[in-house]
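The sequence shown runs contiguously to residue 223 in the numbering used here. Structure, as structure tokens:
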Amino acid sequence: MCNSSFLGGWPSVFYVFGSLGVVWSVFWFPLVYDNPAQHPRISKHELEYLKPIAQLKTSTSAKNGLLSALPYAIMYVYSLFHSLLMDHLTKNKTIRILNVRRLAMAVACFVPMLALIGMCFVGCNRTLAIVILCIAVGACGACYSGHLCSHVDLAPCYAGTLMGLTNTFGTIPGFASPAVTGAITNDNAILLEVVFTLALS
């Protein structure tokens, strides 16, 4: 769209997506309500079935959701500090950019690997398992200074295309792993050691 003559080229992106937002709002306002009790087409049975928000926030599912998000919150914070450190090393020419990328990927790969080895021996210690998973996932934040920057190093003009291609293949294990985990464990928690061993290898 940016390279076309449609609506002046690059401004067309804003016109098109802005127009789509207007069309979306036409359906949004008459169909969406602040809470189920205000909805004119909801049945009494469905309204009683829905749980109050306060109860939902204190439910086991909500707690599990917070614990599942914790490692990624730690990864976010760690990635910021790690990126600042790598930028400092690069600007001061302490080490070459190639070695910066290698160092970042060493942290992003070996620390989670060691953490997953530890996961094989935690047993039913929930707290220790959460701590180890936070370390494993948190250390993955180093990859933002590693291979995710290498596309810009290799081909700055085609970094977006390269990222799209490599990330497409890199995402395959992400959606395949739940199915593989389910097939291996088959509701047998003991076999989770096999899953962690497979992941670290």
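Idealized CB from N, CA, C, for every residue including glycine.
Does DSSP put residue i in a helix, in a strand, or in coil?
i	result
residue 208	coil
residue 114	coil
residue 31	coil
residue 199	helix
residue 26	coil
Grab me the residues of residue i's own chain with a C-beta within less than 7 Å of its C-beta, minus the 5 sequence neighbours each way, in chain order.
i	result
residue 160	93, 96, 97, 100
residue 174	181
residue 132	none
If contacts are defined as beta-carbon pairs under 8 Å, then residue i and residue j qualify, I think. What distance do you get, rounded to the angstrom?
i	j	result
residue 127	residue 165	7 Å
residue 150	residue 144	5 Å
Can you find the residues in the same chain that come closer than 6 Å, C-beta to C-beta, to residue i, ignoring five residues on each side of it along the sequence?
i	result
residue 227	Outside the shown range of the chain (23 to 223) lies residue 227, about which nothing can therefore be said.
residue 124	none
Given residue i, which residues of its chain have a CB within under 8 Å of its CB, disregarding the five upstream and five downstream residues?
i	result
residue 104	126, 129, 163, 164, 166, 167
residue 89	152
residue 158	93, 133, 134, 137, 138, 141
* Whole alpha helix (DSSP H) runs in the region 133-193 with 4 or more residues, listed along the chain? -> Along the region 133-193, the alpha helix (DSSP H) occurs as fully enclosed runs of 4 or more residues at 148-161, 169-176, listed in sequence order.
* To do: Run through the region 35-79 for me and flag every whole alpha helix (DSSP H) of 4 or more residues, listed as ranges in chain order.
  => With a minimum length of 4 residues, the continuous alpha helix (DSSP H) runs that stay inside the region 35-79 are 66-71, 75-79.
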